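Q: Here's a structure for you.
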Amino acid sequence: MPVKPPSHDQSSERLTKIIFALAEEVAVLSERLLTQQKLLERKGLLEPGEVQNYEVSDAERAERLGLHSELIERVLAALKDEIDNLEDAS
Amino acid sequence: MTEKEHEMLAVAEHDDAARQRFVLAAKGYLNRQLVPRLHDAFDRQLSRDESGAVSASFDTVLDRVHSSSAYQAWSSLNVAAQNHMWEAVKRPVVREQQRLEQGFSAASAAPRGSLTLNADIEVPDVMRSVDVHLQPGGYMLDQGPNDIQAGALYEAGGRLYSQGIGVGTRETKAEIVIRFLSEWRPGFYPGRILDMACSAGQSSTPYAAHFADADVHAVDIGPGLLRYAHARAEALGVTVHFHQANVESTGFDDASFDLVVSHNAMHELSQAAQAGMMAECYRLLRPGGVCIHLDVPLRFEHLSTLQQVLYSWDEFFNNEPFWSAYATNDAQTMLVDAGFAAADVFVGPFEQADKTFSWHLAAGQKP
Chain A
5 MPVKPPSHDQ SSERLTKIIF ALAEEVAVLS ERLLTQQKLL ERKGLLEPGE VQNYEVSDAE
65 RAERLGLHSE LIERVLAALK DEIDNLEDAS
Chain B
85 MTEKEHEMLA VAEHDDAARQ RFVLAAKGYL NRQLVPRLHD AFDRQLSRDE SGAVSASFDT
145 VLDRVHSSSA YQAWSSLNVA AQNHMWEAVK RPVVREQQRL EQGFSAASAA PRGSLTLNAD
205 IEVPDVMRSV DVHLQPGGYM LDQGPNDIQA GALYEAGGRL YSQGIGVGTR ETKAEIVIRF
265 LSEWRPGFYP GRILDMACSA GQSSTPYAAH FADADVHAVD IGPGLLRYAH ARAEALGVTV
325 HFHQANVEST GFDDASFDLV VSHNAMHELS QAAQAGMMAE CYRLLRPGGV CIHLDVPLRF
385 EHLSTLQQVL YSWDEFFNNE PFWSAYATND AQTMLVDAGF AAADVFVGPF EQADKTFSWH
445 LAAGQKP
C-alpha cells in the first residue's frame, strides 16, 4: 500500500475550483441562450442583429446586477467555504 | 438494454441537465484526452534498463508523478469535476426530496417486496469516515426515517457516469452476469438469489425480472441506499427483499441460496473483507449453487508501473480506499480458500455483448 501523497498546493487548488465552477456556469448559460434562441427563431420572433442592438432599461439593469451577484457567489463558493471553515485563531 | 425509467428518479430541469452535460464533457476530456498525454509525457522521462523497461519502483514513479505541477493541476480539476458531477445530480434530488420521500413511504405501505433495516450491524469504520468516490455523505448517509438521498444520488451519479463512458448503457451489469451464467452453467435456473452490496438496487431488480419465479434478496450496509432501493423496486413493480447486512455475515441460513452475486462490490472492500464475502457465499450456497462477482477490469498485473500510478488516482483523490487492494487481489485463491474446488472456479475477463468493454469476473460453483 503506497503512502498518500502530500496535498497539492492550496492556492492552486482553490483557483482550480473557482475556474471549474466558472466554466460550468458559462456552459449552462450558453445552453440557456441556445435554447431561447432556437425557441424564438422557431416562432419567428427573432431577427438577426436584434440581440446585438438591444437597449437595457433601468429595471433590467438592476435585475442583471442581481444575476451577476448570484453568479459571483456561486463561482467564489470554494473561497467562501474555506473562509467559513477557517479554524478560530483564538 | 438500458436501465429502466421509474418514479424514484428525480427530474433534471434545463440547467441541471446542462450542468450534467458539462461535467460529463469535462470528465471525458480530463480522462480520455489528458490522461494518455500525461502517461506519454512521464513515460518519456522515466529511466529504463537495457531491455527498455522502466526500472523505477512504484514509489519512485509515484513521487515523480505527484510532484509534477501539471499532474497536480489535472488532479485538482478531476476532483473538481467529480464534485461538480455529484452537485449536478444532487440539485434535482434535493429539489424533489419531499416527493421522493413520499414515494418511499407509499412504497412501504403495501409492498410486493420488503425492507428490513438493522442499525446494529457491523460497518467498517472507513465506510463511516470516508465519502466513497466523493459521493456527498457517502454510503452511510442517513438523515431520518424516510431518507433516500444516498440511494437517489448513487443511482443518478451512476447513470450519468455510465453515459459518459458508454458502459452499462447497452447491457447492464446484472444482464452481463446473467449472460455469463447461461454460458458458464447452461440451464442453471436459480430459485433463491442474493445480491450482495446492492447499493441502490439497480442490479438486484433485473434478477427478479429475469428469473420470474425466483425469490430475490439483496443486502447492503447503507440505510439510505436500502430505503431508496426498496422504493425503486416497488416503483418498477418488481419483488425484491432488501436487508441491512454486512456481506461477511449476512445472517441468512446455511445452504439457503442457489445464486449469490455482486456488482462492483469487491473494489469497495478490503482484501480480508473480499475473502470474507467469498467465505459467506460458500456458506450460503446450496450444493451446486453458484456465486458470481463482477467488477471493473482493473488488474495491476497487466499494467506498467506508470499505469498503476496513474490508475491509483482514484485511491488517493477519489476516496476509493480499496482500489489497489482490489487491483492486486487473488480471487482464485480466495474462492478456493472459501471451499470451492479449483476446477469449479472462474476468474478472468468477460466481454460486454457489444465487445466495447470487458469486465472482471470471479465465480465459483459449490460441489
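If you're matching them up, the sequences are chains A and B in order.
Taking my numbering, the leading residue of the first sequence gets 5, the next gets one more, and so forth.
Taking my numbering, the leading residue of the second sequence gets 85, the next gets one more, and so forth.
The beta carbon of each residue, even a glycine, is placed where N, CA and C say it ideally should be.
The model shown is predicted, which means the values in this text are computed figures rather than measured ones.
1) Any beta-carbon of chain A closer than 8 Å to the one on R103(B)?
2) Consider the Cβ of L63(A): report whether some Cβ of chain B lies at a distance smaller than 8 Å.
3) Which value, in whole angstroms, describes the spacing of the CA atoms of D299(B) and R196(B)?
4) Could you tell me if G452(B) is buried or exposed, where buried requires 16 or more neighbouring beta carbons within 10 angstroms of its beta carbon?
5) Would you identify the three-state DSSP class for N330(B), choosing helix, strand or coil?
6) Just mark P451(B) as buried or exposed, buried being the case when its beta carbon has 16 or more other beta carbons within 10 Å.
7) Kindly indicate if chain A contains any beta-carbon less than 8 Å away from that of D99(B).
8) Using a cut-off of 7 Å between C-beta atoms, extract the partners of A356(B) located in chain A.
9) Are the C-beta of E17(A) and some C-beta of chain B separated by less than 8 Å?
10) When DSSP builds the beta bridges, which residues end up paired with T502(B)?
11) As an exercise, report each continuous beta strand (DSSP E) stretch of at least 3 residues that is fully enclosed by the stretch 353–437 of chain B, in chain order.
12) Name, please, each residue of chain A whose Cβ falls closer than 9 Å to the Cβ of A157(B).
13) Under 9 Å between beta-carbons, which chain B residues line up against E59(A)? List them in chain order, please.
14) Roughly how many angstroms separate the alpha carbons of G432(B) and T389(B), rounded to a whole number?
15) Use the C-beta contact count for S396(B): other C-beta atoms within 10 angstroms, 16 or more gives buried, fewer gives exposed.
16) Taking only beta-carbon positions, decide if S141(B) is within less than 8 Å of chain A.
17) F341(B) bridges to which residues according to DSSP?
18) Hey, could you find the ends of the alpha helix (DSSP H) D124(B) is sitting in?
19) Does R36(A) get closer than 8 Å to chain B when you measure Cβ to Cβ?
20) Closer than 8 Å, CB to CB, is V32(A) near chain B or not?
21) How do the stretch 412–422 of chain B and the stretch 172–190 of chain B stand: do at least 3 beta-carbon pairs fall below 8 Å, yes or no?
22) Should the stretch 403–417 of chain B be regarded as contacting the stretch 429–447 of chain B, the criterion being three or more beta carbon pairs within less than 8 Å?
23) Return no unless some Cβ of chain A is closer than 8 Å to the Cβ of S283(B).
24) From the DSSP secondary-structure annotation, give me the bridge partner or partners of R132(B).
25) Rounded to whole angstroms, what's the CA-CA distance from L50(A) to D62(A)? Just pull it up for me.
26) How is A93(A) classed by DSSP in three states: helix, strand or coil?
27) Name the chain A residues whose beta carbon is nearer than 8 Å to that of F106(B)?
28) I need the straight-line Cα distance from Y155(B) to V149(B), nearest angstrom please.
29) How would you list, in chain order, the residues of chain A whose beta-carbon sits under 9 Å from the beta-carbon of H301(B)?
30) What are the complete beta strand (DSSP E) segments, minimum 3 residues, inside the stretch 150–219 of chain B?
31) Look up G448(B) in the DSSP assignment and say whether it is helix, strand or coil.
32) Here's the rule: buried if 16 or more other CB atoms are within 10 angstroms of the residue's CB, otherwise exposed. What is M5(A)?
33) State the beta-bridge partners of R276(B) as determined by DSSP.
34) Sorted by chain position, which residues of the same chain lie with C-beta nearer than 7 Å to R78(A)'s C-beta, five sequence neighbours on each side aside?
35) Can you list, in chain order, the residues of its chain whose CB lies under 8 Å from that of E74(A), leaving out five sequence neighbours each side?
36) Compare the beta carbon distance of D214(B) and G222(B) with 8 Å and say whether it is the shorter of the two.
A: Answer, in terms of the structure:
1) For this step, residue 103(B) is matched to residue 19 along the second sequence. For R103(B), the answer is yes, since a Cβ of chain A falls inside 8 Å of its Cβ.
2) Position 59 of the first sequence, counted from the first residue, corresponds to residue 63(A). According to the sequence displayed, residue 63(A) carries Ala and not Leu. No, its Cβ sits nowhere closer than 8 Å to a Cβ of chain B.
3) Position 215 of the second sequence holds residue 299(B). Position 112 of the second sequence holds residue 196(B). Using only the alpha carbons, I get a separation of about 12 Å.
4) Outside the shown range of chain B (85 to 451) lies residue 452(B), about which nothing can therefore be said.
5) By 1-based counting over the second sequence, the position of residue 330(B) is 246. Correct three-state label for N330(B): strand.
6) Position 367 of the second sequence, counting from 1, holds the residue named residue 451(B). P451(B) comes out exposed.
7) As a first step, residue 99(B) is located in the second sequence; it is residue number 15 there, counting from the start. It does; some Cβ of chain A falls within 8 Å.
8) What you label residue 356(B) is simply residue 272 of the second sequence in a count that begins at 1. Correct list: empty, because the minimum Cβ distance to chain A is about 13 Å.
9) Locating residue 17(A) in the first sequence gives position 13, where the first residue counts as 1. So, interface residue.
10) No information on residue 502(B) is available, as it lies outside the stretch 85 to 451 that chain B covers here.
11) 369–379 and 429–435
12) The residue labelled residue 157(B) in the question sits at position 73 within the second sequence. What A157(B) touches in chain A, judged by beta-carbon distance under 9 Å, is H12, S16 and T20, going in chain order.
13) Residue numbering aside, residue 59(A) sits at position 55 when the first sequence is read from its first letter. In chain order: nothing, as chain B lies at least about 27 Å away.
14) As a first step, residue 432(B) must be located in the second sequence, where it is residue number 348. As a first step, residue 389(B) must be located in the second sequence, where it is residue number 305. Rounded to the nearest angstrom, the two C-alpha atoms are 21 Å apart.
15) What you label residue 396(B) is simply residue 312 of the second sequence in a count that begins at 1. Buried, by the Cβ-count rule.
16) Here the question's residue 141(B) lines up with position 57 in the second sequence. Answer no: the Cβ-Cβ gap between S141(B) and chain A never drops below 8 Å.
17) Here residue 341(B) is taken as the residue at index 257 of the second sequence, counted from 1. DSSP lists L369(B) as partners of F341(B).
18) Counting from one through the second sequence, the residue named residue 124(B) turns up at place 40. Its alpha helix (DSSP H) spans residues V119 to Q129.
19) The residue you call residue 36(A) lines up with position 32 of the first sequence. R36(A) counts as touching chain B.
20) Counting from 1 along the first sequence, the entry for residue 32(A) is found at position 28. In terms of beta-carbon proximity, V32(A) lines the interface with chain B, with at least one pair separated by less than 8 Å.
21) no
22) yes
23) Position 199 of the second sequence, counting from 1, holds the residue named residue 283(B). No, S283(B) lies away from the interface with chain A (no Cβ there is under 8 Å from its Cβ).
24) The residue given as residue 132(B) occupies position 48 in the second sequence. In the DSSP output, where bridge partners are listed per residue, R132(B) has V138(B).
25) Numbered from its first residue, the first sequence carries residue 50(A) at position 46. Numbered from its first residue, the first sequence carries residue 62(A) at position 58. If I take the Cα positions, the gap works out to 23 Å.
26) What you label residue 93(A) is simply residue 89 of the first sequence in a count that begins at 1. Reliability fails at A93(A), whose pLDDT of 43 lies under 50, so the model's placement of it is uncertain and no value is given.
27) Position 22 of the second sequence, counted from the first residue, corresponds to residue 106(B). A27, E28, A31 and V32, listed in chain order.
28) As a working mapping, residue 155(B) is identified with position 71 in the second sequence. As a working mapping, residue 149(B) is identified with position 65 in the second sequence. Each residue's alpha carbon lies about 7 Å from the other.
29) Residue 301(B) sits at position 217 when you count from the first residue of the second sequence. Near H301(B) there are no residues of chain A at all, since even the closest Cβ is about 34 Å away, more than 9 Å.
30) 198–200
31) By one-based count along the second sequence, residue 448(B) stands at place 364. The answer is strand: DSSP assigns G448(B) an E or B state.
32) Position 1 of the first sequence, counted from the start, is the residue given in the question as residue 5(A). Note that M5(A) scores 44 on pLDDT, short of 50, meaning its location in the model is unreliable and no value can be drawn from it.
33) Within the second sequence, the letter at position 192 stands for residue 276(B). In the DSSP output, where bridge partners are listed per residue, R276(B) has D299(B).
34) To locate residue 78(A), count along the first sequence from 1; it is residue 74. Excluding positions up to five away in sequence, the list reads A25 and E29.
35) For this step, residue 74(A) is matched to residue 70 along the first sequence. Closer than 8 Å at Cβ, skipping near neighbours: no residue.
36) As a working mapping, residue 214(B) is identified with position 130 in the second sequence. As a working mapping, residue 222(B) is identified with position 138 in the second sequence. As written in the sequence, residue 214(B) is Val, which differs from the Asp given in the question. Contact: yes.
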